[in-house]
Each structure stands twice: as C-alpha cells, then as structure tokens.
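Novice:
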Amino acid sequence: MRIKSLQEYQEAYSLSVEKPEQFWADIANEFDWIKPFTKVLDWSFDDYSVKWFEDGQMNITANALDRHLKTIPDQAAIIYEPNEPGDEAITLTYRELHTRVCKFSNVLKAQGVNKGDRVCIYMPMIPELAIAVLACARIGAIHSVVFGGFSAQSISDRVNDSQCKLVITTDGAVRGNKTIPMKETVDDALLSCPCVETVIVKIRTKTPISMLKGRDLWWEEEEMQASGICAPEAMNAEDPLFILYTSGSTGKPKGVVHTCGGYMVYTAYTFANVFQYNLGDVFFCTADIGWITGHSYLVYGPLLNGAISVLFEGIPTYPDAGRFWDIIKRHQVNIFYTAPTAIRSLMGFGDAFLVGKDLSSLRVLGSVGEPINVEAWQWYDEKIGKGNCPIVDTWWQTETGGLMISPIAGITPLKPAFATLPLPGVQPILVDENGNEIEGNGVNGNLCIKYPWPSIIRTTYGDHERCKTTYFSTYPGLYFTGDGCMRDEDGYYRITGRVDDVMNISGHRIGTAEVENAINMHTGVIESAVVGYPHDVKGQGIYAYVICEHPTINDELTRKDILATVARVIGPIAKPDKIQFVTGLPKTRSGKIMRRILRKVAEGEFGSLGDTSTLLDPGVVDSIIKGAI
Ligand code: WTA
8 MRIKSLQEYQ EAYSLSVEKP EQFWADIANE FDWIKPFTKV LDWSFDDYSV KWFEDGQMNI
68 TANALDRHLK TIPDQAAIIY EPNEPGDEAI TLTYRELHTR VCKFSNVLKA QGVNKGDRVC
128 IYMPMIPELA IAVLACARIG AIHSVVFGGF SAQSISDRVN DSQCKLVITT DGAVRGNKTI
188 PMKETVDDAL LSCPCVETVI VKIRTKTPIS MLKGRDLWWE EEEMQASGIC APEAMNAEDP
248 LFILYTSGST GKPKGVVHTC GGYMVYTAYT FANVFQYNLG DVFFCTADIG WITGHSYLVY
308 GPLLNGAISV LFEGIPTYPD AGRFWDIIKR HQVNIFYTAP TAIRSLMGFG DAFLVGKDLS
368 SLRVLGSVGE PINVEAWQWY DEKIGKGNCP IVDTWWQTET GGLMISPIAG ITPLKPAFAT
428 LPLPGVQPIL VDENGNEIEG NGVNGNLCIK YPWPSIIRTT YGDHERCKTT YFSTYPGLYF
488 TGDGCMRDED GYYRITGRVD DVMNISGHRI GTAEVENAIN MHTGVIESAV VGYPHDVKGQ
548 GIYAYVICEH PTINDELTRK DILATVARVI GPIAKPDKIQ FVTGLPKTRS GKIMRRILRK
608 VAEGEFGSLG DTSTLLDPGV VDSIIKGAI
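Per my numbering, the sequence shown starts with residue 8, numbered consecutively.
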C-alpha cells in the first residue's frame, strides 16, 4: 500500500486506471473484514450510484482501534493540547481510547441509539469529540458533526434534515480568551427539533446551564456507569458512516453521505502515502473535526494507520502568534497540516514569533482548503520547513472524502501553489462550458472526475435527486467538482478556485445564496446580492450589496444589525466583510442578477465590466460603482 518512489507512484497510478478493481481490492484486503467482500465495484455516473466492496462487512473502529491493540496498545493515539498553554496536554493511548470509545458506545446504546440512527455532535475540540464520533461508528449510528461555530438555527436545520434522535454537546467552549456557550445554543436549536429525545452534555467550562429532566444527561455520569466492553457492530461496506453538511450554490447546506468501507480504505491509503507517515511520527492537523479535514485526517485516516494525532482546542493566535510553533516543539511534531489562511495570518505577524522556536522535528508540511498563493507557499517552505520539508498542497472536497490531487511527500517533484498530480485511483478531466474534454497540457477548464474512487459521496441525505443534479448533471457522465483548474505544460494541476456560487472564506465553504437568505431575513432589507472578493488573509471575503426598504438613517447601525442577523442565522463565519447599500441591483431583463458585474465591482475593477447592454437598467451600475467600498 505504501508508495516509496516516483516510479512506484507511476506504476500504482497506471494500475489504478487499468485495473481499478484489482488495485483497490488489494489495498482493501489489508484491513480487517468481518465478512470478506467478493464484489469490488458497481457504478453508474449516469443514473448516479456507486458501491464499493458491497457485500463485505466490517467496522471502521475495529480497524482504527482494536487492530492496533495487538501491536501498539500503549502508544499515544491522540494528544490533546488544551486551549490554555499552561494546562497540561492529555495523551490517550490506543488502549485508553479504545476503552473510552467502548464505554461511550454503551452509553449511546443505553439511550436506545441503534444502527442507522442519526446522532448530532456539537462540541469543541476536546478528546470527547473524537470519542463521540468513534462511538457512533462503533455501534453503526450515523454521526453528523456540526462545527461548533454554527448558530442554533444551523444546528436545528441540520438536526431536522437528518432527524437526529440524540445530540452530544458540552456546557461551553473556550477558544483563545473567549468562553462560548454550547449547551445554551443547542437548547435554542432544539426548541424546533421534536425528533431529539436525548442530549448528552460533557462538562468543559463549568458554565451554568439548564438541564431538562427526562432529556438531558451528563456525559460523566453516564460514562462512569458504562462497561468498557463493546463489540463493534458488523457494518455493510455501503452502510452510511456519517453525514457532513456542506454549502453549495443553491439552497440550504446538503448532507453529504459517506459510507463505511470505501471511506475507510481511501482515507487510510491517502494518509499513509501523501504524508509518508512512519509509525511513531507525530501528526498535527489543525482543522476542526467539524469539517471534513478533521474527520478524514485528524480522526479516521491517522487512527486507521496507528498514528499519533494531535488535537488542538485553541486558536493559532492565542496566547500569541507563536502557538502552533510551540505545539510543534513541545510534542515534537513531524508532520504539520494546516490551511493557507492560517499561514497568511501568521505570516502577517512577522517573524518575531518564530524566534527561538525549534521546528527541527518537522519533516512534512501540508496545506488544504483553498488555493495557496506563491508568497504564502514560500514563507511556509522557508520559515517553517527551513527549506527541508516537502509541502503537500492537497486538493479535495467534503464530497470526495479524501485527498484527490496532491503531491506525495518527498516523492512528487513540487511546484509552488500546484496540487501537482492526481493520486492513484483519481482520474481528473478538464472540460469546457459545453462539457467537451480539453485535452493536452497548458490548458484551463472546469475540473471533473471521470471514474469513481472509494470515498466518493454516495448521496445527499434524504434527497438523492439533489446529489444527482448537483454533481452529475452539469456534465453528463462526469462528477463535477465546482472548481476551475489549469493543467500546465508538465501536466501539473493547479486549482484556481470555485467557478460556481460557492465562496471559500478562510478555507470555509459558504454559499452566496445562504448568506443572501440570512441578510434578507433582517427587517427592512428588500433584497441582497452576495459575492466573494479577494482578501489578503482569508483568501476570499464576503461582499454584500443590500437594498433597504427605507434608505437608512443610520447606516452603521443597520450594518451591525445585518451582521448580527447573519451571525444568528448561520454563524459568525458567514458575516460579510463589506456591506454596500444600493438602490438597485444589475439585473437582466429576465430578472437574473448579473453577479459577474458585482464581482468585478467588489474586486475594484470598474474598468472591465464587460457587456452591460442586456441589463434592464444600465444606470444601476454607475450608482453601484460610485458607492463601492
Ligand atoms: C477548495 C476541504 C485549492 C476547492 C477539504 C474545493 C482547494 C473546496 C484546495 C472544498 C487546494 C480545497 N487548493 N483549492 N489544495 N483544497 N480547496 O468541502 O475550491 O470544505 O472545491 O473541503 O475547497 O472545500 P471543502
């Protein structure tokens, strides 16, 4: 399973294209199966359906935990670095993690959670978040982790969409010098979630909270009473493992569904190869478990490989901008995986925070979530990697489950800001607007994938049609990523960003429609249009054009009210960076907003607005330009 040279990569890649079933069956057979599979793949991108290892049975936690008890029971599995730098880090060995997962599995069972039931997890980055995730997987419950920064409204939308019967949370959370309510937010959310029968609360901040009789339970009390023995549930490879909500061009976030077998095989394989993980290495992924990166490369991928995974509760700038570097030194981190936003932000603090920080344990650096600009890439390479650590710029998506286009550390020759080459099993193709393949090198197009890989999205929860139309109808017969991409003269891929109405704000995916809907909920707002614009640190910022009913008396206050509304409806991460009040929006005669123009204005490019002759009222554009921020 382990690629050790460029030639081995090329051989693996060729085999994965010529004999994909044999290629993946060999890798899958390295895992423990309760019942071996005999069928490897069944698929159609036309009437979308993909099944990997369909008749096999397994449990991902038996592979991520039990399997290692024979070999490395006392090795660290998770190192928890708390928010306060003075608080001692806590290590959970594989044996300890196994026991705690088994106990919590029994807690869930005692509450009547059965295989196939949905469980919502809304927690800060503490070990119990990983434990809750793994306990669900162990008993076959489908976890739906909701990022701890989302609002009550977002939680209730997600809980109702997948009809969760149990929610796991904490009293509060600490991030930097802020204490954030968690249970209170869940309480607000659950006012409109009749499907939820039970809430389990882990104490983190000792914040006073209300505990409802008959519904709310303390994690500590339940865990204490539970047995540490729990056999893993036999799961069919195609049984759902989890749902993770993510934003698209239209409507509310959709629940991306991943299944047990393919996801296990693909995350484990990509983790081992891309990062060139060696047993005993300390791996530090800074993503929150509330996002796909945390699912695949903080929890599942590392644990499936018997890795040591650092779980950090805090933020990169607390107590100062040297925090990551302190953690790297303290835990002798060998592989560090973060987002370009974090790199750019820390770069902005200058090199003072690097003085005296021993980063010599580092061997591999990774980047994920958004395009990395050359300047940030070079800073990362020189200041953090000291020119000695390959940077793996990993391109992938919530829907792909695992890394897709990425260098293999130390093996693939690098080019700054390029995701380089497809991993084995990944068959990218660039197409033009009409879906025609763009062949050759030195070209640009829309990035699609033409063959299934084991951790491809299986469906969007409760709405398979939506999955089909979102990903498989734009270009029939292809999975459409939503990304634009160039392939240079050497056949290297560089992702240029979304070509749809999805923004990437600090590596977080947010739909323009979602933000517009939230803004429009504010009283007095008639209409709004939202676009992304280039932002030095966040990659993209959110620019909102808003029409108010009464030209406002106090613009500043209205702006703040709108921000508060968005924070309440979605969460603080979706707050616009700029709000421009306008009296009209550039619309075509058929009433469609011409976002192209709004994007240009937001970028400050007033001279190159293109053809505006189809606008209903071209005069609108001049007034928008005059008021541009
Ligand atoms: C973007 C995050 C450039 C891309 C794992 C994709 C990237 C979206 C990269 C998915 C990268 C992710 N270079 N762009 N290395 N990685 N993206 O679902 O636009 O939160 O479609 O998954 O992030 O975001 P998601």
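Idealized CB from N, CA, C, for every residue including glycine.
#1: Going by DSSP, what residue range makes up the beta strand (DSSP E) through R182?
#2: Measuring only from the beta carbon, is I560 closer than 8 Å to any heavy atom that is part of the ligand WTA?
#3: Count the other CB atoms within 10 Å of the CB of H150; is the residue buried (16 or more) or exposed (fewer)?
#4: Whole alpha helix (DSSP H) runs in the segment 546-609 with 4 or more residues, listed along the chain?
#5: Assuming S513 contacts I526 (C-beta within less than 8 Å), just tell me the rounded distance between them.
#6: Do T205 and K190 count as a contact pair if the criterion is CB distance below 9 Å?
#7: Check the DSSP bridge columns for F290 and list the partner residues they point to.
#8: For H660, name the three-state secondary structure that DSSP assigns.
#9: Any heavy atom of the ligand WTA inside 8 Å of the beta-carbon of I299?
#10: For S169, is the classification buried or exposed, using 16 other Cβ atoms within 10 angstroms of its Cβ as the cut-off for buried?
#11: Just to confirm, does I379 get its C-beta within under 8 Å of one of the non-hydrogen atoms of the ligand WTA?
#12: Reducing DSSP to helix, strand and coil, say where P431 ends up.
#13: Taking L224 as the reference, which of I577, V114, I133 and F425 has the closest Cα?
#14: Could you tell me the alpha carbon to alpha carbon distance between I6 and T78, rounded to whole angstroms?
#15: With a cut-off of 8 Å, do at least 3 Cβ pairs link the segment 405-419 to the segment 263-282?
#16: Quick check on A571: buried or exposed, where buried means 16 or more other Cβ atoms within 10 Å of its Cβ?
#17: Within a Cβ cutoff of 6 Å, which residues of the same chain sit near S352, ignoring the five residues on either side of it in sequence?
#18: Taking only the alpha-carbon atoms, compute the straight-line gap between C127 and D629 and give it to the nearest angstrom.
#19: Would you call the segment 495-512 and the segment 255-265 in contact, with 3 or more CB pairs under 8 Å?
#20: Tell whether a beta-carbon distance below 9 Å holds between W59 and E320.
#21: Report back the beta-carbon spacing between D194 and S217 to the nearest angstrom; my notes put them in contact at under 8 Å.
#22: In whole angstroms, what is the alpha-carbon distance linking T530 and T565?
#23: So, at 6 Å on beta carbons, what are the nonlocal neighbours of L13 in its own chain, with the 5 sequence-adjacent residues on each side left out?
#24: Relative to the C-alpha of D497, which candidate in E37, S51, K422 and K633 has its C-alpha closest?
#25: Spatial neighbours of P27 within its chain, please: C-beta separation below 6 Å, excluding the five flanking residues on both sides.
#26: Are there any heavy atoms of the ligand WTA lying less than 8 Å away from the beta-carbon of G489, as far as the coordinates show?
#27: With a 10 Å radius around its C-beta and 16 neighbouring C-beta atoms as the bar for buried, classify N709 as buried or exposed.
#28: Please report how far the alpha carbon of Y550 lies from the alpha carbon of P558, in whole angstroms.
#29: Please determine if the segment 283-301 and the segment 343-351 are in contact, where contact requires at least 3 C-beta pairs separated by less than 8 Å.
#30: Would R182 pass as a contact of I322 if the rule is Cβ separation under 9 Å?
#31: Does the CB of V289 have a neighbour CB from chain C at under 9 Å?
#32: Whole angstroms are fine: how far does the CA of V371 sit from the CA of G617?
#33: CB-CB under 7 Å to G392, same chain, minus the five flanking residues each way: which ones, in chain order?
#34: When you compare each of H265, D333, N90 and V264 to K185 by their alpha carbons, which one comes out closest?
#35: Hey, is V114 close to the ligand WTA, as in C-beta under 8 Å from one of its heavy atoms?
#36: Does the beta carbon of Q404 fall short of 8 Å from some heavy atom of the ligand WTA?
Specialist: Per the coordinate set shown:
#1: Where R182 is concerned, the enclosing beta strand (DSSP E) stretches over G179 to R182.
#2: Because no heavy atom of the ligand WTA lies under 8 Å away, the Cβ of I560 does not count as near it: no.
#3: The residue is buried, with at least 16 neighbouring Cβ atoms inside 10 Å.
#4: Here the runs fully enclosed are 562-576 and 602-609.
#5: Contact flag wrong, Cβ pair sits at about 19 Å.
#6: In terms of Cβ geometry, K190 and T205 do not form a close pair [threshold 9 Å].
#7: Note: F290 sits in a beta bridge opposite S316 and I342.
#8: No answer is possible for residue 660: the residues shown for the chain start at 8 and end at 636.
#9: Inclusion of I299 in the 8 Å shell around the ligand WTA follows from its C-beta lying nearer than that to a non-hydrogen atom of the ligand.
#10: Around the beta carbon of S169, 16 or more other beta carbons lie within 10 angstroms, which makes this residue buried.
#11: Here the distance from the Cβ of I379 to the nearest heavy atom of the ligand WTA is below 8 Å.
#12: In this structure, P431 counts as coil in the three-state DSSP scheme.
#13: Nearest of I577, V114, I133 and F425 to L224, Cα basis: V114.
#14: Beyond the ends of the chain as shown, which are 8 and 636, falls residue 6; an answer cannot be given.
#15: With a cut-off of 8 Å, the segment 263-282 and the segment 405-419 count as touching, because enough Cβ pairs lie within range.
#16: Here A571 is exposed: its Cβ has fewer than 16 other Cβ atoms, across all protein chains shown, within 10 Å.
#17: Once the five neighbours on either side are set aside, the close Cβ partners of S352 are V544.
#18: For C127 and D629, the distance between alpha carbons rounds to 48 Å.
#19: Yes, they touch.
#20: The Cβ-Cβ distance between W59 and E320 does not fall below 9 Å.
#21: With 8 Å as the limit, D194 and S217 qualify as a contact, their Cβ atoms being about 7 Å apart.
#22: Cα to Cα, the separation comes out at about 10 Å.
#23: If the five residues before and after L13 are omitted, its C-beta is found closer than 6 Å to the C-beta atoms of I418, all from its own chain and listed in chain order.
#24: Here the closest residue by C-alpha is K422.
#25: The same chain holds no residue with a CB closer than 6 Å to that of P27 once the five nearest residues on each side in sequence are set aside.
#26: Under cutoff, so the answer is yes.
#27: A question about residue 709 goes unanswered here, because the residues of the chain that appear run from 8 up to 636.
#28: So the alpha carbons of these two residues sit roughly 19 Å apart.
#29: These segments touch.
#30: Annotated as proximal: R182 and I322, with beta-carbon spacing under 9 Å.
#31: Of the protein chains in this structure there is only one, and it is not chain C.
#32: In this structure, the straight-line span from the alpha carbon of G617 to that of V371 is close to 44 Å.
#33: Setting aside the 5 residues that flank it on each side, G392 is surrounded in the same chain by L369, L372 and I398, each with a C-beta closer than 7 Å to its C-beta; the list follows chain order.
#34: Selection H265, D333, N90 and V264 evaluated against K185 yields N90 as nearest (Cα-Cα).
#35: In this structure, V114 has its beta carbon at no less than 8 Å from each heavy atom of the ligand WTA.
#36: Taken from the Cβ of Q404, at least one heavy atom of the ligand WTA lies inside 8 Å.
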